[in-house]
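One structure is given here, and the rest of the page talks about it.
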Amino acid sequence: MLQIKDLDASIGGTEILRGLSLDVSAGEVHAIMGPNGSGKSTLAQVIAGHSDYEVTSGTVTFKGEDLLELEPEERAREGIFLGFQYPVEIPGVNNAILLREAVNAKRRHQGLDDVDAFEFLKLAREKMAVLGMDPQFLNRGVNEGFSGGEKKRNEILQMAMLEPSLAILDETDSGLDIDALRAVAEGINALRSPDRAIILVTHYQRVLDYVEPDHVHVLSDGRIARSGDKTLALELEDKGYDWVREAASA
Amino acid sequence: MPTEQENLEHLVNRRYEHGFVTDIATESLPPGLDEDVVRAISARKNEPEFMLDWRLRAFRMWREMDEPTWAHVHYPPIDFQAISYFAAPKSDEDRPKSLDEVDPKLLETYDKLGIPLHERARLAGVAVDAVFDSVSVATTFKEKLSEAGVIFCSFSEAVQEHPELVRKYLGSVVPQRDNFYAALNSAVFSDGSFVYVPKGVRCPMELSTYFRINAANTGQFERTLIVADEGSYVSYLEGCTAPMRDENQLHAAVVELVALGDAEIKYSTVQNWYPGDEQGKGGIYNFVTKRGDCRGANSKISWTQVETGSAITWKYPSCILRGDNSVGEFYSVAVTNNYQQADTGTKMIHIGKNTSSTIVSKGISAGRAQQAYRGLVRVMPQADGARNHTQCDSLLIGKECGAHTFPYMEIRNPGAKVEHEATTSKISANQLFYCRQRGISEEDAVNLIVNGFCKEVFKELPMEFAVEAQALLSVSLEGAVG
Ligand SMILES: Nc1ncnc2c1ncn2[C@@H]1O[C@H](COP(=O)(O)OP(=O)(O)OP(=O)(O)O)[C@@H](O)[C@H]1O
Ligand SMILES: [Mg+2]
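Top to bottom, those sequences are chains D and P.
Residue 161 is where the first sequence starts when you use our numbering, and the numbers rise one by one after that.
Residue 483 is where the second sequence starts when you use our numbering, and the numbers rise one by one after that.
Laid out in structure tokens, this is it:
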């Protein structure tokens, strides 16, 4: 589904990703871990197409297409979803309206009619119930005054409504209370299917207890320093990142 | 898209316009302004003596006045002697023969706004001789109004048919000497609309009028007078969402509203004069005086405006809250893009007891545009229990535009409650990226944010007008980002 080869990317002239390669197939869940500042969010933003980041070399293909050629909204409509580490507030823009616009943008891209307003609300309420979100959040401004955890739940709500083929969740598990973590994990698991893939960027083993990854990668200094199965996460918990760094430079 | 009802209303109004186009003499006056010109205008309109005297007094005052310079706008000096103050309708030879001869950009905009084809031709000033066969519609409309006793006609017609009402109320809210442009308008105004709603009558429909610029060329100095007698209600819609071209650069209209006891007037405007091209060339200067007088107790006047057009706008719809418990409201969205300049705002003058006013001003600037909000809240010593709430928000798109706020408060009654809130925000790159990551195009994202920003004002507009206003905003801001 997603192939990244020898990717170099920089921001403001500083090179962050250096020769990163990653292969994600449909049906898989990949966890990406790694120390602060190692480039995890950079990778997520580059996949989503943020224009602040410059890809200096390497390739990214998504469903066989050159992803780097596409505008951010085209990537989204093709099925890429990014759960932001820091979801932005858009005061005054109704949360439900943004959500509906997003759903419709994707439907139009697929040649479908706009979603029926009633059906949309019904579905949104259902998903919110699963996530333990008060329906009142639909009437508020997008992330406006939301607590950290509420913002994360809102990201998962959007993901659930959009049903992306590739979801990249950048520390969506951070800052969640125990119930929220479970709800969010449930949301993620509900999305799992043979034709979808998920990339979980996380610092904690905790979420991986709920969402079992097929692969775990450690990102360090802008490249994948180590890959393994779910036991790698446990090992990291135990030994810390220095262990990976040493192994990588050895 | 305009609704059925609205198309209908436009048709009807066109009938009204045709009703007085024929009154206008066919010859234009040469450029220049002196007493003879004022006399000539009055004579051609066959006006009674009192109107001529009124115009002449205005002209003499105007001669002694100076053009105001305090507004935050810049433009080359206007040569008032180079303007023709009485222009005959353009002959068909001078007009574009068909839409093929009209600026394709303008047509593109009409397309985006969903303006019907025949309407486009009229707006673009194409010589159209097809008069709409809408006699039956117009008749029903007129019948309904006259059954209710509502007078809705052109100003010229009102001067002929209802001179006593005109005489009683004209200039009673905006006196001739009020300001430079109002004095000029009073001396030379060409035509406009007149509304009278009798006691206790709720006007059975929204009164709407398209400006009649290219059709009859009366728009340069337009005069509107609306009187709501005791206990009556009227909602009046002015303007149209399609950008209108006009060979006259200067527009100085005057609008006077009078609300007697327990009466309510709701005045909504969507103003979309041609703003000039992307360099700002050829745009219209719109210097308007709009004022409402809540003359009786418990009366109410609300101004709602969506301003996107003109090269330069200078406009402060105001309320004089004379009657006890009277209410004044001002809801405004002003958009400036490219090289547009706008200096707008409102004045709320509290005179009566327990008067209250609400000001919600939303300013959006993009490109290199400059925008100023200028608001005055004055509470007179006798206005016990006066209250005002002002909310004044600016939204900037891009780095080269500017927003300026000039709130003036003159509170002479210590018991008055006056609140002022102001915010300035920007559409951030991260907000746009967030929307785009959700599959929403940048343009749609800007629209979402702008509409969210303006919703408090849009909800005050009549439904169909609100929908049009949203479409208009998105067209006005096209290309503002990126
Ligand atoms: N505009 C910028 N100019 C220079 N360096 C930048 C800029 N933006 C980000 N960086 C740097 O890029 C590096 C990678 O940042 P990134 O956000 O990808 O890290 P991360 O792995 O997601 O970290 P965390 O675990 O803390 O979220 C950091 O060292 C950061 O300081
Ligand atoms: Mg990060």
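Positions of the beta carbon are idealized from the N, C-alpha and C atoms, including for glycine.
Only a predicted model underlies this, so the values are computations on that prediction, with no experimental measurement involved.
Residue 720 of chain P vs residue 771 of chain P beta-carbon contact at 8 Å: no
By Cβ distance below 6 Å, which residues in the same chain neighbour residue 630 of chain P in space, the five residues on each side in sequence not counted? 683 and 686
Report buried or exposed for residue 899 of chain P, applying the criterion of at least 16 other Cβ atoms within 10 angstroms of its Cβ. exposed
In angstroms, rounded to a whole number, what distance separates the CA positions of residue 217 of chain D and residue 183 of chain D? 17 Å
Does DSSP put residue 663 of chain P in a helix, in a strand, or in coil? helix
Drop a sphere of 10 angstroms on the beta-carbon of residue 617 of chain P, count the other beta-carbons inside from all chains shown, and report buried for 16 or more, exposed for fewer. Since pLDDT at residue 617 of chain P reaches only 37, below the 50 mark, its modelled position is unreliable, and no value is offered.
Return yes when the C-beta of residue 912 of chain P is under 7 Å from any heavy atom of ligand 1, and no when it is not. no
Shortest alpha-carbon distance to residue 329 of chain D belongs to which of P:919, P:829 and P:839? P:919
Residues of chain D with CB closer than 7 Å to the CB of residue 749 of chain P, please, in chain order. Here the premise fails: no neighbours, minimum Cβ distance about 25 Å.
Identify each residue in the region 288-306 of chain D for which the Cβ-Cβ distance to at least one residue of chain P is less than 9 Å, and report them in chain order. 301, 302 and 303
Go ahead and pull the three-state DSSP assignment for residue 251 of chain D. strand
When you compare only the Cα positions, how much space is there between residue 738 of chain P and residue 927 of chain P? 39 Å
Please classify residue 211 of chain D as buried or exposed, where buried requires at least 16 neighbouring CB atoms within 10 angstroms. exposed
Could you tell me the alpha carbon to alpha carbon distance between residue 405 of chain D and residue 376 of chain D, rounded to whole angstroms? 16 Å
Can you name the residues that DSSP bridges to residue 360 of chain D? D:191 and D:329
Can you tell which of P:590, P:513 and P:941 has its C-alpha closest to the C-alpha of residue 566 of chain P? P:513
Looking at ligand 2, does it come within less than 7 Å of residue 170 of chain D, judged from the CB to the closest heavy atom? no
With 16 other CB atoms within 10 Å as the buried threshold, where does residue 613 of chain P fall? Confidence at residue 613 of chain P is low in this model, with a pLDDT of 30, below 50, so its placement is unreliable and no value can be given for it.
Looking at the structure shown, is residue 936 of chain P part of a helix, part of a strand, or coil, going by DSSP? helix
Closer than 7 Å to a non-hydrogen atom of ligand 1 - does that hold for the CB of residue 194 of chain D? yes
If you run the structure through DSSP and keep just helix, strand and coil, what is residue 304 of chain D? coil
As assigned by DSSP and simplified to three states, the class of residue 269 of chain D: helix
Per DSSP, what kind of secondary structure is residue 889 of chain P in: helix, strand or coil? strand
My output table needs one value for residue 336 of chain D: the three-state DSSP class, helix, strand or coil. coil
Would the C-beta of residue 200 of chain D count as close to ligand 2, meaning under 7 Å from any of its heavy atoms? yes
DSSP three-state label for residue 658 of chain P, please. coil
Using 8 Å for Cβ pairs, my map puts residue 745 of chain P next to residue 712 of chain P. What's the rounded Cβ distance? 6 Å
Tell me, please, which residues DSSP counts as bridged to residue 789 of chain P. P:753 and P:816
Return the CA-CA distance between residue 776 of chain P and residue 659 of chain P, expressed in angstroms with no decimal places. 20 Å
From which residue to which residue does the alpha helix (DSSP H) around residue 529 of chain P run? Residue 529 of chain P -> no alpha helix (DSSP H), and no H or E assigned at all.
When you check each C-beta in the region 202-224 of chain D against every C-beta of chain P, which residues fall closer than 7 Å? 208 and 210
List the endpoints of the continuous beta strand (DSSP E) containing residue 854 of chain P. 852-861
Per DSSP, residue 848 of chain P is paired with what? P:879
Do residue 841 of chain P and residue 865 of chain P count as a contact pair if the criterion is CB distance below 8 Å? no
Please list, in chain order, the chain P residues whose beta carbon lies closer than 7 Å to that of residue 271 of chain D. What residue 271 of chain D touches in chain P: nothing, since even the nearest Cβ is about 14 Å away.
Excluding the five sequence neighbours on either side, which residues of its own chain have a C-beta within less than 7 Å of the C-beta of residue 169 of chain D, listed in chain order? 176, 177, 202, 206, 213, 214, 215 and 216
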